[in-house]
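**Student:** Got a structure for you, written out below as structure tokens; questions coming shortly.
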Amino acid sequence: MIIPVILESDLQEIKKKLAIISEVAEQIQIDVLDGTLVPTKTFLNIGTIDKLVSKSQLEIHLMTKNPCLYLKDKLSHVKAVCAQVEAYDKIHDFVKIARAHGYETGISVLENTPLENIEPWINKVDYVQFMTIKAGVQGNPLLPHVLEKIKTFRIKYPQITVQSDGGAKLENISQLRDAGVTNVVVGTGIFRTANPIETYKKFTYLLN
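In numbering that gives the first Met the number 0, the protein residues as written are 0 to 207.
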């Protein structure tokens, strides 16, 4: 599945992108960054964003050292949530709360974090997301060493859904697919094109 991602500090930009891509996307990822894990900050009121959605389902990517702060209420359009495994001491509570809300639950791993750090959570989550760029800024290039990490993970854990986040282009989507990625999160590769809807459709065709 192709999952368009929105990383914005301006609510109006979020509205604009949701209006465009919710016409075709089954699921949209919203990045929540509060400056505690990476320097970038985004719009943080997930409840406000949830009320803007009518067609697509949302996935919330919590790039913060305390993901539980953003899971206080069950939101009607949120299907899935993932948190960075680098928020080490908070992950147990994150998984517990996310499960209690009925969300699909994932962990995300930064580009240089070793696989050993996520292995304790493999049997407790629905999917693992690999950051395939240097996190925090959209438009960074795909990192080849993360593709190799994904291949290693896929061989060891063939049963779990693997998601990539960052650096995806029409020209390299086959590399992600061949590495074993199931879901591809795409930002600038969709939104910085003349026709985001047609680009989304092209990504979907190439992934399948």
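Every residue, glycine too, gets a C-beta built ideally from N, C-alpha and C.
Is it true that the region 129-143 meets the region 108-120, where meeting means three or more beta-carbon pairs spaced less than 8 Å apart?
**Tutor:** Yes: at least three Cβ pairs fall under 8 Å.
**Student:** From this set, ALA97, LYS168, LEU175 and ALA178, which residue's C-alpha is nearest ILE189's C-alpha?
**Tutor:** Working through the sequence shown from its first residue, we reach residue 189 at position 190. Among ALA97, LYS168, LEU175 and ALA178, the Cα nearest to that of ILE189 is on LYS168.
**Student:** Specify whether the region 70-83 and the region 115-123 touch according to this definition: at least 3 beta carbon pairs, one from each stretch, less than 8 Å apart.
**Tutor:** The region 70-83, when compared against the region 115-123, does not touch it at the 8 Å Cβ threshold.
**Student:** Using only the alpha-carbon positions, how far apart do LEU74 and PRO66 sit?
**Tutor:** As a first step, residue 74 must be located in the sequence shown, where it is residue number 75. As a first step, residue 66 must be located in the sequence shown, where it is residue number 67. When rounded, the distance between both Cα atoms is 15 Å.
**Student:** Which runs of the alpha helix (DSSP H), 4 residues or longer, sit entirely within the region 50-84?
**Tutor:** Entirely contained in the region 50-84, not one alpha helix (DSSP H) run reaches 4 residues.
**Student:** In terms of residue numbering, what span does the beta strand (DSSP E) encompassing THR198 cover?
**Tutor:** By one-based count along the sequence shown, residue 198 stands at place 199. Run containing THR198: none in the beta strand (DSSP E); it sits in the alpha helix (DSSP H), 195-206.
**Student:** On a Cα-Cα basis, can you pick out the residue from GLU25, ILE13, LEU10 and SER55 that is closest to THR203?
**Tutor:** The residue given as residue 203 occupies position 204 in the sequence shown. Taking only the C-alpha atoms, the option nearest THR203 is GLU25.
**Student:** Going by C-alpha distance, which of THR187, LEU206 and ILE172 is nearest ILE20?
**Tutor:** In the sequence shown, counting from the first residue as 1, residue 20 sits at position 21. Of the candidates THR187, LEU206 and ILE172, the one whose C-alpha sits nearest the C-alpha of ILE20 is THR187.
**Student:** Out of ASN207, ILE27 and LYS150, point me to the one whose CA is closest to ILE48's CA.
**Tutor:** On the sequence shown, position 49 is the one that residue 48 refers to. Out of ASN207, ILE27 and LYS150, ILE27 has the C-alpha closest to the C-alpha of ILE48.
**Student:** Please classify GLU58: is it buried, with 16 or more other beta-carbons within 10 angstroms of its beta-carbon, or exposed?
**Tutor:** Along the sequence shown, one-based indexing puts residue 58 at 59. Classification of GLU58: buried, given that the 10 Å Cβ count is 16 or more.
**Student:** Within this structure, are the beta carbons of ILE96 and HIS60 separated by less than 9 Å?
**Tutor:** Position 97 of the sequence shown, counting from 1, holds the residue named residue 96. Position 61 of the sequence shown, counting from 1, holds the residue named residue 60. Cβ distance not < 9 Å, so ILE96 and HIS60 don't count as in contact.
**Student:** Find the nearest neighbour of GLY46 within the set LEU68, LYS15, VAL4 and ASP125, judged by alpha-carbon distance.
**Tutor:** Translated into the one-based positions of the sequence shown, residue 46 becomes position 47. It is LEU68 whose Cα lies nearest to the Cα of GLY46.
**Student:** Within a Cβ cutoff of 7 Å, which residues of the same chain sit near SER173, ignoring the five residues on either side of it in sequence?
**Tutor:** To locate residue 173, count along the sequence shown from 1; it is residue 174. If we look at SER173 and ignore the five residues flanking it on each side, its Cβ neighbours are LEU205.
**Student:** What is the DSSP secondary structure of PHE42, counted as helix, strand or coil?
**Tutor:** Reading the sequence shown from its first residue, position 43 is the one you call residue 42. If DSSP states are grouped into helix, strand and coil, PHE42 belongs with coil.
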